[in-house]
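Under this note's numbering, the very last position in the sequence shown is 537; numbers go up by exactly one each time.
What follows is a short report on a single structure.
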Amino acid sequence: MKISLALAFLGIFGALSVAVAEDRYQFFTWEVTYGTIYPLGVPQQGILINGQFPGPRIDGITNDNIVVNVINKLDEKFLITWNGIKQRRTSWQDGVLGTNCPIPPKSNWTYKFQLKDQIGTYTYFPSTKLHRAAGGFGALNIAQRSVIDIPYPAPDAEFTLLVGDWYKTNHKVLRRLLDYGKKLPSPDGLLINGQRDSAVFTGQAGKRYKIRVSNVGLSTSINFRIQGHTLKVIEVEGAHTLQDTYDSFDIHVGQSVAFLVTLNQGVNAYYIVASSRFTPNVLTATATLQYAGSGSKASGPLPVGPTTDVDWSLKQARSVRLNLTANAARPNPQGSFHYGTIPVVRTLVLANSEEHINGKLRYAVNKISHINPLTALKLADWFNIPKVFSLNSIPDVPPPAGTPAKLGTSVVGLTLHDFVEIIFQNNEDTIQSWHMDGSSFYVVGYEYGVWKPDSRKTYNLADGVPRYTVQVYPKSWSAILVSLDNKGMWNLRSAILPRQYLGQELYLRVWNNEKSLYTEANIPNNALFCGLAKHLH
1 MKISLALAFL GIFGALSVAV AEDRYQFFTW EVTYGTIYPL GVPQQGILIN
51 GQFPGPRIDG ITNDNIVVNV INKLDEKFLI TWNGIKQRRT SWQDGVLGTN
101 CPIPPKSNWT YKFQLKDQIG TYTYFPSTKL HRAAGGFGAL NIAQRSVIDI
151 PYPAPDAEFT LLVGDWYKTN HKVLRRLLDY GKKLPSPDGL LINGQRDSAV
201 FTGQAGKRYK IRVSNVGLST SINFRIQGHT LKVIEVEGAH TLQDTYDSFD
251 IHVGQSVAFL VTLNQGVNAY YIVASSRFTP NVLTATATLQ YAGSGSKASG
301 PLPVGPTTDV DWSLKQARSV RLNLTANAAR PNPQGSFHYG TIPVVRTLVL
351 ANSEEHINGK LRYAVNKISH INPLTALKLA DWFNIPKVFS LNSIPDVPPP
401 AGTPAKLGTS VVGLTLHDFV EIIFQNNEDT IQSWHMDGSS FYVVGYEYGV
451 WKPDSRKTYN LADGVPRYTV QVYPKSWSAI LVSLDNKGMW NLRSAILPRQ
501 YLGQELYLRV WNNEKSLYTE ANIPNNALFC GLAKHLH
C-alpha cells in the first residue's frame, strides 16, 4: 500500500513537473558590421548581421524565449528594436532610445524576451541614427503551438518576403541631409529580400504556400501581387483575419501580412511584384514564383497594380476584418473581442505636421517635435531622475491653429489597464503610418476629413483587427482602441523613418504604484546606463 501511494505521488509530481516546464529557449549571437552590398547593382556600404543582408530570420513558436547577443562592430552606437513583439512586462528590451541606452561601438548587449502569447509575422530593425537605411533588418516569424489549430488549410511550406524602398546613397549622407533640415530625395528603387529582381521562390504545382510579406522600407507604401495568382489574407500583424481573397494588396510602411497562395496555374514561372503607392514615379521590384519542374523564366507584362488611388486603398483597408471564430496563440479568456463595450477612459487626438523650427525642417505631433534626451526615459523613470521628462508634456488634442511648434520630450502619462482611444489626425497631403510598441490595438475606423466626436458612429466595434501599425490616409483620420495592459515606457512613433528621426514620435508611460514582478520586471542585470544615470551603473 505504501509503495502504491509513493508511486502515485511520484506520478503526480512528474506530471506537475512537465506542466510547469519552462518554455523553449533559442540563443543567437549576432555580429553587426559594415560590408559592401549591391542591392541596386552598384556597390555601397551596408549594415550586415553575421555577414548577411537582410539579417538572419528568427523562426519562433509561441512562448519561446529569445536570447540575442548583439555585438556592435560599427563605428557608432547601435540598437535593434523588435517590431510588434509586445515585450510583456519588460520595456527594458524594447530597443529604442527611450527605453534602452544604445550599445557602444566595440561592445555587446544581450536582449532577452519571450514571444508570450503571440503568433504571426514580425520584423526587427535598427532604431538608431538612420541605420535602417543601410540594412540591419530581418524577419521574425512566430508559429502557433501544435496544440492550437490554425484556422486555415495547413500550408505545405512558407516563404518570407521583406519589401521596401532603398537608396544608393550612404545612410550617413542621408542623415546629414536631415540634420541640415533638408528633405530626403525620392528613393532609388524597391527591393525584395535585398534584391531588385533576382529573388526566386520555388514551389510544387497544386500545393499551398503561406507567403509572409513585410514592408521594411523607410517611407514608401507598396502594393503586392503575384502574376496569375490570387492572395488569400490569413493573418495581419499577429491576428487571424477573415479569409478574403484579393488580386493585390497594399502594405504600408512597418506593416506585415500573411497570404495563402495556391499554385494552381500551369507549370511555369510567374512574376512576384511590389510597386510603390502614392508616389509621383512608380518604383517596381520583382521576384519569381517558380513552379518546380519548369525551366522557363517569368515573362509577359507585369500584373497591373494601383498607383495613386486612395479610395481603392481605403476601401480595401476597411474590408480586412478579424476572424472571431479563430484562436490565436491561445484561446482568449478576457473577452477582449468585445472591445466595443469597454468604456474609454481617455481620448488622445494626435495630429502630425511638417514644421520649421529654428530654420530647420522638423516633424511634430500636436506641435511638439520630440527630441530624445541623453538619459533613457525608462532609466529616468525607474530611478526618479528629475529634469529628464515631465508627464503630459504633449497635449491630448491639437492646439489651436497658429500655435508655433517647438522642440520637446513628449511623454503621455497613463495608468496600467487604461482603455484608451487614440485618433491619428493627418491634415497633410501624404500618407502616414504609425506604430505602437508594447501593445496591440484595435483599428476601428478610417475616414476622410477631420475627426469629431460624432465620427464614433462610423467605428467598427465588432471585428476590427488588432495590430501594431496603422496607416492614415492623406487629409484623413484613423482611430484605434487599446487596452494598456503592459506596464512600461512605450514608444509611439511614425513608422516613416525620416519623420520619426525628425521628431514625429512620443512615449506612453503606462504605470501604477504597485511594485510587483507580476506587473513589471526589474531592471536587467546587464542594463546599459547613459546620461544622468551613467553613475548608477
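The beta-carbon is built from N, C-alpha and C at its ideal position, and this holds for glycine as well.
Whose C-beta lies closer than 6 Å to the C-beta of residue i among residues of the same chain, with five residues either side of it excluded?
i           : result
residue 249 : 224 and 231
residue 524 : 92
residue 478 : 424, 446, 470 and 472
residue 335 : Note that residue 335 scores 44 on pLDDT, short of 50, meaning its location in the model is unreliable; the coordinates nonetheless yield the value given after this. There are no such residues.
residue 389 : 377, 409 and 411
residue 269 : 288, 290, 294, 296, 297 and 298
residue 171 : 130, 133 and 134
residue 520 : 89 and 487
residue 29  : 69
residue 397 : 349
For residue i, which three-state DSSP category applies?
i           : result
residue 360 : strand
residue 250 : strand
residue 116 : coil
residue 472 : strand
residue 93  : helix
residue 518 : coil
residue 406 : strand
residue 432 : strand
residue 111 : strand
residue 219 : coil
residue 535 : helix
residue 341 : helix
residue 331 : Per-residue confidence for residue 331 stands at a pLDDT of 45, beneath the threshold of 50, marking its modelled position as unreliable; the derived number appears in the next sentence. Note: residue 331 maps to coil in three-state DSSP.
residue 156 : coil
residue 310 : helix
residue 348 : strand
residue 265 : coil
residue 318 : helix
Please list, in chain order, all residues of the same chain as residue i whose beta carbon is under 7 Å from its beta carbon, the five residues on each side excluded.
i           : result
residue 333 : Because residue 333 carries a pLDDT of 39, less than 50, the predicted location of this residue cannot be relied on, and the following value inherits that uncertainty. So the list is empty, once near-sequence residues are dropped.
residue 331 : Bear in mind that a pLDDT of 45 at residue 331, under 50, signals an unreliable position, so the number given afterwards is only what the model happens to contain. Cβ neighbours of residue 331 beyond the five flanking positions: none.
residue 155 : 208, 209, 210 and 260
residue 193 : 54, 161, 162 and 199
residue 374 : 530 and 531
residue 536 : 383 and 529
Considering only the alpha carbon of each residue, which of the options lies closest to residue i?
i           : options               : result
residue 306 : 263, 348, 264 and 221 : 221
residue 370 : 327, 379, 535 and 394 : 394
residue 539 : 121, 167, 22 and 100  : This structure cannot settle anything about residue 539, because the visible part of the chain is limited to 1 through 537.
residue 507 : 211, 338, 385 and 368 : 368
residue 464 : 317, 48 and 349       : 317
residue 303 : 285, 292 and 310      : 285
residue 437 : 123, 314 and 40       : 123
residue 475 : 141, 281, 50 and 311  : 311
residue 340 : 143, 535 and 457      : 457
residue 201 : 294, 186 and 188      : 294
residue 59  : 361, 120 and 148      : 120
residue 505 : 404, 363, 321 and 522 : 363
residue 413 : 186, 379 and 348      : 348
residue 322 : 308, 75 and 466       : 466
residue 50  : 32, 144 and 44        : 32
residue 391 : 500, 354 and 415      : 415
residue 276 : 308, 45 and 292       : 308
residue 186 : 195, 159, 206 and 217 : 217
Determine, using beta carbons only, whether residue i and residue j come nearer to each other than 7 Å.
i           : j           : result
residue 344 : residue 441 : no
residue 127 : residue 96  : yes
residue 278 : residue 150 : no
residue 56  : residue 79  : no
residue 495 : residue 455 : no
residue 153 : residue 208 : yes
residue 134 : residue 47  : yes
residue 190 : residue 274 : yes
residue 510 : residue 532 : no
residue 227 : residue 271 : yes
residue 240 : residue 326 : yes
residue 235 : residue 468 : no
residue 188 : residue 40  : yes
residue 407 : residue 444 : no
For residue i, I'd like the list of residues in its chain whose CB is within less than 8 Å of its CB, leaving aside the five on either flank, ordered along the chain.
i           : result
residue 517 : 89
residue 215 : 163, 164, 221, 222, 251, 252, 253, 254, 255 and 256
residue 114 : 23, 63, 64, 65, 66 and 88
At least 3 beta-carbon pairs within less than 8 Å: the region 107 to 127 vs the region 63 to 73: yes
Is the region 450 to 461 close to the region 485 to 496, with three or more CB pairs under 8 Å? no
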